[in-house]
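A quick write-up on the structure given underneath.
Numbering (my numbering), first residue to last: 330 to 463.
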């Protein structure tokens with residue numbers, strides 16, 4: 330098993346307690362000491378929880394973030410994301426900016442992306458993916 334970056338959709342399922350995702354995360358943690366996710370995913374989940382005023386879930390999420398690894402958006406990851414977006418836009422198959430940023434962080438850090446959003450991310454050259462849901 331390679332080190333991974335967990336995408337927003339999968340982390341949301343983990344926080345909901347989806348059995349297959351929890352099982353895969355537990356297997357991952359037998360080899361690695363923390364779950365990696367991006368500051369973009371942190372923002373997306375925080376935004377959703379604040380909007381819903383979900384205080385218990387917000388506390389659970391911030392505790393989870395403190396125990397795991399939130400990867401920052403660096404200049405090199407930002408450049409990688411911009412190149413991804415430009416390349417996909419040129420081919421008429423762009424994906425969202427946040428997805429490009431997440432892919433840029435994964436590629437820059439040499440991480441495999443854990444996502445259920447394979448339709449979008451398979452367009453990104455060089456990005457390895459795995460899905461913890463099926």
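Ideal Cβ positions, reconstructed from N, Cα and C, are used throughout, including at glycine.
Source: prediction; values computed, not measured.
Here's a check: name, in chain order, each residue in its chain whose Cβ is nearer than 6 Å to the Cβ of residue i, leaving out the five neighbours to either side.
i, result
"residue 404", "none"
Which residues in the same chain have their Cβ closer than 8 Å to the Cβ of residue i, if we skip the five residues on either side of it in sequence?
i, result
"residue 416", "454"
Please report the straight-line C-alpha distance between residue i and residue j, rounded to a whole angstrom.
i, j, result
"residue 387", "residue 342", "14 Å"
"residue 385", "residue 345", "12 Å"
"residue 411", "residue 444", "20 Å"
By the 10 Å Cβ neighbour count, where 16 or more other Cβ atoms means buried, how is residue i classified, buried or exposed?
i, result
"residue 373", "buried"
"residue 420", "exposed"
"residue 376", "exposed"
"residue 462", "exposed"
"residue 380", "exposed"
With distance defined between alpha-carbon atoms, name the residue in the options nearest to residue i.
i, options, result
"residue 331", "340, 407, 359", "359"
"residue 363", "402, 425, 463, 395", "395"
"residue 370", "408, 448, 390, 458", "390"
Could you name the residues of the same chain whose beta carbon sits closer than 7 Å to that of residue i, not counting the 5 residues immediately before and after it, in chain order?
i, result
"residue 423", "414, 417"
Uninterrupted alpha helix (DSSP H) stretches inside the segment 423 to 457 (no shorter than 4 residues):
426 to 437, 447 to 450
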